[in-house]
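Following: one structure in structure tokens, then a few remarks.
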């Protein structure tokens, strides 16, 4: 957030705080500006800002990577509006993304700051958050102290304690004042001509229009920068270089806002936020007939980017950029706005923004040396009917002279294709969705037609008035603040006042995440001599590499080396169909061809862009239907076949056939993939990476590191990463990082140290990472490096979002980085940009199904025959396992006795599809719901009746042969119908749809069944280690990975109950294969079950050892019992272990028992769509019921 020094010509409003995107804010632009970051608001070591405290105590953080941005948006709102409305709060986050929480807890935690003091809890004032608890809490308070409470930090005791005199939740007078030194310097800051220079660029900041015109005359090719929203894109993605950049932010004439006889004149550098404020003020103070155009702009600005962009983007920048994706320019054309240009020699001139102003993409009527000075948005008149998003057309080209405003005019305008012809968007136009945007011209014209018709009806009585059912088409959907409520039962099974089982407990990293002190991979400080990696990737989906010319990059400034497949010490292939660097052929867009190592990230990226690659196009296979047509499949034979499908079809009264496509989905974890590789003494390598599978990374690095020479040296690899599987990364490699599967990464690195000579040396690898499967990584390294597991340590700390996307695909950046580090003998950091990440790392598997359903007139389904296809991309990855999960879940909650589904994997030229939340389950479930809907539509029955007719019951058997015990799906279904008031809401929806032609609502209720267990049976086990120290503190380690899902919190609750100690006495260490060996991945919703039971087992062992001391001193504390036990030489460290028996899966058998148990649920959703635009929203209420069957 920044607070600018206010120039004297901006006195219309008080000092304002702006939330901005740091990634596009040029450093030169913040000269003289007070910059506040989340670290400046509060700290876990001192005190917390109320915003930070509210978010943490309301469970509004999970992975925490987005939390600082959310806090700063809220902080800017509070500084500008100490008591905002709920609507202001709701709109403040239109530029913030949260991948984990769904926003409900964020809004719920921040609503108390608004003018609406009504708690969203259905318990009202009896809400548990209003109840006081312990008066003293430790540095990380385990539970909220109630709305309106206040913490005081006791430095002597290093604890927060509750103030005995509660203060208001937020007191704006306690905020820091604007820096006095900047206030004193303000006159100079706003009048001083600035010039910043570097080797590549000169930044100029004039303070008068004359200075700006002279600069333009001197540097005709200079680029004016206000918000950097478009130029930043050109520099980053188009690799453009501007030698001279000019900031007009302090040029008075370009920042002034004036009211003239024609309208409101905005300086070209006025930000969209300031423009919105002046337009809103005008609407509030001027007659309605004069501000209709302004209302149109205000309505549009709600949809224009987010607050952070509107705070810096300028009105003039939109005009001069002349992009077809701008929503401002059509409005300026529609209202016939007037703009003023100025040049040093030619003087001033005024031009209308009409149909001739924009000449093409980024082309306007502006002359080479002209500067845009101002834009005047005119007042509307009483006789003129303007509507936003309307485009003024030449009258003679559209309407006959004697046309009337009735259906004949509408039919004429739409039937002649005149509207679409007026929007000549070519295929591939910026912004995409060309066909949709062309269709919108008809929709918007019709909306404009209806709005004018309604205004005419207010003046005269029409012979054919607008039907009531048509009225809804005149306005877009309206949105307001959302609100959610949770209903859950508080546990009565409480062993003591310290027992937190069944009660909300803040996860241990919440306060660090809210203060910006939580540590993520790219927060690691740049070390001495560290280099940066830039990747050269394929621009083709399938092509032969005719030539790769590295020479243009080799001579560029800062470049240390350029590497390709020739620099890989041994194996360039790390998995079937996957290589580190492409050699002769590329099989997907984004495939790594080479890498540049340079002194800075920017230098590496620029040099990588200069590598010249010559391709020979080959025919790609892209879609599932392409693969079917060309018989491009991975050889796998998996099917579920039960009952007598053929006989059942012959006995069914009805059959239908159909097909369905399910698209891909991007993971969109907010922390991109990346790693840092450190060559250490004795050729040890330490890697910090963002991966879910550090051990697999180790294995793959090891493969590429196999020496070719007869004389081999020791290699020890340490991977510090964000991964979900640290064990797979082990070997002689240490992985420290952000990953969900460190063990899988171990194997890749391990081969670096494998020697081919008869004389071998020891290799020790230690991995510290964020992974879901440490042991798998460990085993992989053992296989590749030939090392015992005791040489491989994998550690995991924190993952900044994964969702399966970091389980295997991190190798795309890790392996080239490792090769570069080995070759240069210097630390190398490789972090993907967002566009690179999306191109290199894969998505959820696209799916396609063809099916035949047999059923009777009562809606009962008796037979299903289907073929399920998954698009696996160009390599295997985890696709076979995803297909297995999909086949086992494609029955959803419906009991179909005769069931046959075959699975197929399509080999295509896409980036390899990978693990994603649900792991094939979501694709299968939506397919099941589709064919149930198909049956209901065919029979003319309600979908709910067909669903209920086919739901599983207790004792039924699923297609793979497992019997369902404790089946609660019917209970969930019935409770959801009752609690959501489904029947009456359905009547309301039907009545609404009868009355509205252009707005429609729909309501649906769907059930869910989900099986719990790993399909690979050896993974159904977990371990834990608990250590009690003589001061009474407890250290807990387990094999699971904390990814924001609260796993550590649950384990703390188990220890707190079993040992009967406060949660403040328990600390969870990083996950490490040196403390808990042979762990499985943190996945499949099994971690709480496996590791919770293991923690419980360890607690019971310690309880037995401490029992004599508890009996001897029942009123003593754990500290006293532990001290006494230690004096008696009793071991205060215990391991715990749990294994899940009774589950099995063998595809060659007809009967299997793949799941430990099932969870069930039902959800009711009501949605509304705008039939003219496709806009949609969840309306009124959404209800979910969840039950777990054992």
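In the UniProt record's numbering, the protein residues as written are 1 to 1190. For each residue, glycine too, the CB sits at the ideal point set by N, CA and C. Since we're looking at a predicted model, the values are computed, not measured.
1) Report the residue ranges of all beta strand (DSSP E) runs contained in full by the stretch 218 to 289; include only those spanning at least 3 residues, in chain order.
2) Using alpha carbons as the reference points, say which of 535, 895 and 476 lies closest to residue 1173.
3) Which term fits residue 303, buried or exposed, when burial requires 16 or more other beta carbons within 10 angstroms of its beta carbon?
4) What is the rounded straight-line gap between the Cα of residue 352 and the Cα of residue 844?
5) Could you round the C-beta distance between residue 796 and residue 1070 to whole angstroms and report it? I think they count as a contact, below 8 Å.
6) Since I believe residue 1051 is in contact with residue 1038 (beta carbons under 8 Å), could you give me their beta-carbon distance rounded to a whole number of angstroms?
7) Which residue's Cα is closest to the Cα of residue 842: 916, 1064, 610 and 869?
8) Is residue 75 near residue 41, with beta carbons less than 9 Å apart?
9) Compare the beta carbon distance of residue 114 and residue 83 with 9 Å and say whether it is the shorter of the two.
10) Between which two residues does the alpha helix (DSSP H) harbouring residue 943 extend?
11) Taking C-alpha atoms, which residue in 282, 381, 175 and 641 lies nearest to residue 1147?
12) Tell me which residues share the same chain as residue 368 and place their Cβ nearer than 7 Å to its Cβ, disregarding the 5 neighbours each side in the sequence.
13) Residue range of the alpha helix (DSSP H) that residue 448 falls in?
14) Quick one: what does DSSP say residue 405 is sitting in, helix, strand or coil?
15) Any idea if residue 237 is buried or exposed, counting beta-carbon neighbours within 10 angstroms, 16 or more meaning buried?
16) As a quick exercise: from 663, 983 and 649, pick the residue whose alpha carbon is nearest that of residue 657.
17) Could you pull the start and end residues of the alpha helix (DSSP H) that residue 329 belongs to?
18) For residue 599, does the three-state DSSP call read helix, strand or coil?
19) What are the residues that DSSP puts in a beta bridge with residue 1024?
20) Rank 361, 482 and 496 by C-alpha distance to the C-alpha of residue 1192 and give the top, closest one.
21) Take residue 488 as the anchor and find which of 480, 498, 481 and 502 has the nearest alpha-carbon.
22) Where does residue 816 fall in DSSP's three states?
23) According to DSSP, what are the bridge partners of residue 906?
24) Can you check whether the CB of residue 1065 is closer than 9 Å to the CB of residue 1034?
25) DSSP beta-bridge partners for residue 203?
26) List the whole-angstrom C-beta distance separating residue 178 from residue 34, where the pair is believed to meet the contact cut-off of C-beta under 8 Å.
27) Check whether the stretch 899 to 909 and the stretch 620 to 627 are in contact - that is, three or more C-beta pairs closer than 8 Å.
28) With a threshold of 7 Å on Cβ separation, who are the neighbours of residue 1127 within its own chain once the five nearest residues in sequence on each side are excluded?
29) Does the structure place the stretch 567 to 574 close enough to the stretch 599 to 613 that three or more beta carbon pairs sit under 8 Å?
30) Going by C-alpha to C-alpha distance, which of 974, 258 and 263 sits closest to residue 1191?
31) Does the Cβ-Cβ distance between residue 622 and residue 548 come in under 9 Å?
32) So the beta strand (DSSP E) residue 532 belongs to, where does it begin and stop?
33) Just confirm the distance between the C-beta atoms of residue 926 and residue 526, as a whole number of angstroms; I'd bet it's less than 8 Å.
34) From residue 213 to residue 267, what does the alpha carbon distance come to, in whole angstroms?
35) Is residue 567 helix, strand or coil when you go by DSSP?
36) Please return the same chain residues whose Cβ sits closer than 7 Å to the Cβ of residue 670, not counting the five positions on each side in sequence.
Considering the structure as presented:
1) 244 to 246, 257 to 259 and 263 to 267
2) If you number the chain shown from 1, residue 1173 lands on position 1173. Comparing Cα-Cα distances from residue 1173 to each of 535, 895 and 476, the minimum goes to 476.
3) Against the chain shown, residue 303 aligns to sequence position 303. Classification of residue 303: exposed, given that the 10 Å Cβ count is below 16.
4) Position 352 of the chain shown holds residue 352. Position 844 of the chain shown holds residue 844. In a straight line, the C-alpha of residue 352 is about 49 Å away from that of residue 844.
5) Here the question's residue 796 lines up with position 796 in the chain shown. Here the question's residue 1070 lines up with position 1070 in the chain shown. Contact flag correct, Cβ pair sits at about 6 Å.
6) One-based indexing of the chain shown puts residue 1038 at position 1038. One-based indexing of the chain shown puts residue 1051 at position 1051. Yes, residue 1038 and residue 1051 are in contact; Cβ-Cβ is about 6 Å, under 8 Å.
7) Residue numbering aside, residue 842 sits at position 842 when the chain shown is read from its first letter. Cα-wise, what sits closest to residue 842 is 916.
8) The sequence position of residue 75 within the chain shown is 75, counting from 1. The sequence position of residue 41 within the chain shown is 41, counting from 1. Yes, Cβ-Cβ distance for residue 75 and residue 41 is below 9 Å.
9) Stepping through the chain shown from its first residue, residue 114 is reached at position 114. Stepping through the chain shown from its first residue, residue 83 is reached at position 83. Their beta carbons are under 9 Å apart, which means residue 114 touches residue 83 by this criterion.
10) Taking the chain shown and counting its residues from 1, the one referred to as residue 943 is at position 943. That run of the alpha helix (DSSP H) goes 943 to 950.
11) For the purposes of this step, residue 1147 is taken as residue 1147 along the chain shown, with counting starting at 1. Cα-wise, what sits closest to residue 1147 is 641.
12) In the chain shown, residue 368 corresponds to position 368, counting from 1. Same-chain partners within the cutoff: 220.
13) Start at 1 with the first residue of the chain shown, and residue 448 comes out as number 448. That run of the alpha helix (DSSP H) goes 434 to 459.
14) As a first step, residue 405 is located in the chain shown; it is residue number 405 there, counting from the start. In this structure, residue 405 counts as coil in the three-state DSSP scheme.
15) Stepping through the chain shown from its first residue, residue 237 is reached at position 237. When all chains shown are included, residue 237 counts as exposed.
16) Here residue 657 is taken as the residue at index 657 of the chain shown, counted from 1. Closest by alpha carbon: 649.
17) As a first step, residue 329 must be located in the chain shown, where it is residue number 329. 328 to 334 is the extent of the alpha helix (DSSP H) around residue 329.
18) Counting from 1 along the chain shown, the entry for residue 599 is found at position 599. The answer is coil: DSSP assigns residue 599 none of H, G, I, E or B.
19) Here residue 1024 corresponds to residue number 1024 of the chain shown, with the count starting at 1. BP columns for residue 1024 point to 1038 and 1136.
20) No statement about residue 1192 is possible, as the shown extent of the chain runs from 1 to 1190 and does not include it.
21) Your numbering for residue 488 matches position 488 in the chain shown. Nearest option by C-alpha distance: 502.
22) Numbered from its first residue, the chain shown carries residue 816 at position 816. Helix at residue 816.
23) Counting from one through the chain shown, the residue named residue 906 turns up at place 906. Residue 906 is bridged to 633 and 871.
24) Here residue 1034 is taken as the residue at index 1034 of the chain shown, counted from 1. Here residue 1065 is taken as the residue at index 1065 of the chain shown, counted from 1. Yes. Within cutoff.
25) Walking along the chain shown from the start, residue 203 turns up at place 203. Answer is 196 and 245, bridged to residue 203.
26) As a first step, residue 178 must be located in the chain shown, where it is residue number 178. As a first step, residue 34 must be located in the chain shown, where it is residue number 34. Confirmed, about 6 Å.
27) yes
28) Taking the chain shown and counting its residues from 1, one reaches residue 1127 at position 1127. Correct list: empty, nothing qualifies.
29) no
30) The structure shown does not extend to residue 1191, since the chain is modelled only from 1 through 1190, so no value can be given for it.
31) Mapped onto the chain shown, residue 622 falls at position 622. Mapped onto the chain shown, residue 548 falls at position 548. Going by C-beta atoms, residue 622 is not nearer than 9 Å to residue 548.
32) By 1-based counting over the chain shown, the position of residue 532 is 532. Residue 532 -> beta strand (DSSP E) spans 531 to 537.
33) Reading the chain shown from its first residue, position 926 is the one you call residue 926. Reading the chain shown from its first residue, position 526 is the one you call residue 526. With 8 Å as the limit, residue 926 and residue 526 do not qualify as a contact, their Cβ atoms being about 45 Å apart.
34) Taking the first residue of the chain shown as position 1, residue 213 is located at position 213. Taking the first residue of the chain shown as position 1, residue 267 is located at position 267. Cα-Cα distance, rounded: 15 Å.
35) The residue you call residue 567 lines up with position 567 of the chain shown. Three-state DSSP puts residue 567 in a helix.
36) What you label residue 670 is simply residue 670 of the chain shown in a count that begins at 1. Taken in chain order, the residues that qualify are 65, 66, 97, 99, 800 and 801.
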